[in-house]
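Working notes, beginning with the structure itself.
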Amino acid sequence: MKTTVISYSFTGNNKALADSIVSVLSAEHITISESRTRTFGTIALDMLFNRTPKIYPAMDGISESDMILFISPVWMGHVAAPLRACFKGLKSNLKQYAFISISGGADGPNPRLTAELKKRLGKKPSTVIDLHITEILPSNPKPTREDTSSYRLNEEDIERLTERIFPPLQEIMTETK
Ligand SMILES: Cc1cc2nc3c(=O)[nH]c(=O)nc-3n(C[C@H](O)[C@H](O)[C@H](O)COP(=O)(O)O)c2cc1C
Numbered sequence: 020m021k022t023t024v025i026s027y028s029f030t031g032n033n034k035a036l037a038d039s040i041v042s043v044l045s046a047e048h049i050t051i052s053e054s055r056t057r058t059f060g061t062i063a064l065d066m067l068f069n070r071t072p073k074i075y076p077a078m079d080g081i082s083e084s085d086m087i088l089f090i091s092p093v094w095m096g097h098v099a100a101p102l103r104a105c106f107k108g109l110k111s112n113l114k115q116y117a118f119i120s121i122s123g124g125a126d127g128p129n130p131r132l133t134a135e136l137k138k139r140l141g142k143k144p145s146t147v148i149d150l151h152i153t154e155i156l157p158s159n160p161k162p163t164r165e166d167t168s169s170y171r172l173n174e175e176d177i178e179r180l181t182e183r184i185f186p187p188l189q190e191i192m193t194e195t196k
């Protein structure tokens, strides 16, 4: 089964997680970059106005993948905007996909991600694995959005998160075979 990981990361957390998953699965890895410099201001504007930023590389040539694992942060309750361009390019040829994120989690679980993915890709994800930084930080005092957004994963975090992700991923990959 051909598996491709497509990842985007602004501050490095999802990149570190994607690199780890890629090495465990020996999957192909495409990292999304943006043509323009990303700022906190453009995050807010893209999310508020539902804008799709320009990205590279173009999403050609990966339609042969049996499973695509999208890995990106969650911004303002939504999948990070740079993945939207990628979704538009892949939508018509997509076989199976899953969405994985290490997001902040300060506002609790996000039940809207699956519906957003289905709307943007026209198909339900095989799984959504939304990991939270709040589960890494001490629970007392309750981590704030500022605490979670400024946290950078260390090697031990990445190892633990990869171990958590692996069983559900194996399950969907076995089902897809
Ligand atoms: C502008 C902004 C908005 C965010 N909104 C959310 C959110 O709605 N829910 C959430 O769980 N995390 C949110 N986060 C936290 C990020 O998802 C988290 O810091 C993530 O690990 C960053 O990933 P990256 O390092 O790969 O860019 C937000 C972060 C930023 C900068």
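Quick note: the sequence shown uses the working numbering, first residue 20, plus one each step. Ideal Cβ positions, reconstructed from N, Cα and C, are used throughout, including at glycine.
Apply the 10 Å Cβ neighbour rule to N32 and answer buried if 16 or more other Cβ atoms are within range, or exposed otherwise. Here residue 32 is taken as the residue at index 13 of the sequence shown, counted from 1. With 16 or more other Cβ atoms within 10 Å, it is buried.
From which residue to which residue does the alpha helix (DSSP H) around E190 run? Stepping through the sequence shown from its first residue, residue 190 is reached at position 171. Start and end: E174 to T195.
Rounded to whole angstroms, what's the CA-CA distance from S145 to W94? Just pull it up for me. As a working note, residue 145 is residue 126 in the sequence shown. As a working note, residue 94 is residue 75 in the sequence shown. The straight-line gap from Cα to Cα measures roughly 22 Å.
Is the separation between the beta-carbon of P162 and that of T153 shorter than 7 Å? Position 143 of the sequence shown, counting from 1, holds the residue named residue 162. Position 134 of the sequence shown, counting from 1, holds the residue named residue 153. Yes. Within cutoff.
Let me check understanding here. Comparing Cα to Cα, which of Y170, S111, T23 and H151 lies closest to S45? Counted from its first residue, the sequence shown places residue 45 at position 26. Scanning Y170, S111, T23 and H151 for the CA closest to the CA of S45 turns up T23.
For E53, which of helix, strand or coil comes out of DSSP? Translated into the one-based positions of the sequence shown, residue 53 becomes position 34. E53 sits in a strand when the DSSP states are folded into three classes.
Residue interval of the beta strand (DSSP E) (run including I148): Taking the first residue of the sequence shown as 1, we reach residue 148 at position 129. Counted as a single uninterrupted DSSP element, the beta strand (DSSP E) harbouring I148 occupies residues T146 to H151.
Mind checking S54: buried by the 16 CB within 10 Å criterion, or exposed? As a working mapping, residue 54 is identified with position 35 in the sequence shown. Counting C-beta atoms within 10 angstroms of its own C-beta, S54 has fewer than 16 neighbours from the protein chains shown and is therefore classed as exposed.
Around the Cβ of V41, are there at least 16 other Cβ atoms within 10 angstroms (buried) or fewer (exposed)? In the sequence shown, the residue the question calls residue 41 occupies position 22. Answer is buried; the Cβ neighbour count reaches 16.
So, for R164: in the same chain, excluding its five sequence neighbours on each side, which residues have a beta-carbon less than 8 Å away from its beta-carbon? Along the sequence shown, read from residue 1 onward, the residue named residue 164 stands at position 145. Non-local C-beta neighbours of R164 in its own chain, meaning closer than 8 Å and more than five positions away in sequence, comprise G123, A125 and D126, ordered along the chain.
Continuous alpha helix (DSSP H) stretch holding F68: start and end: Here residue 68 corresponds to residue number 49 of the sequence shown, with the count starting at 1. Premise fails: F68 is in no alpha helix (DSSP H) and is neither H nor E.
Would you call the CB atoms of P101 and I74 closer than 7 Å? Here residue 101 corresponds to residue number 82 of the sequence shown, with the count starting at 1. Here residue 74 corresponds to residue number 55 of the sequence shown, with the count starting at 1. In this structure, I74 lies closer than 7 Å to P101 by Cβ.
Proximity to E175 [Cα-Cα], best of A35, K21 and I25: Locating residue 175 in the sequence shown gives position 156, counting from the first residue. Closest by alpha carbon: A35.
Between the Cα of S169 and the Cα atoms of I25, T30, M20 and K21, which residue gives the shortest distance? Within the sequence shown, residue 169 is the residue found at index 150, counting from 1. Closest option to S169, judged by alpha-carbon separation, among I25, T30, M20 and K21: T30.
How is the beta strand (DSSP E) around I155 delimited, first residue to last? Sequence index remark: in the sequence shown, residue 155 carries index 136 (1-based). Segment: none, I155 is in no beta strand (DSSP E) and carries neither H nor E.
Just how far apart, CA to CA, sit E190 and M66? For this step, residue 190 is matched to residue 171 along the sequence shown. For this step, residue 66 is matched to residue 47 along the sequence shown. Distance between the alpha carbons of E190 and M66 is about 33 Å.
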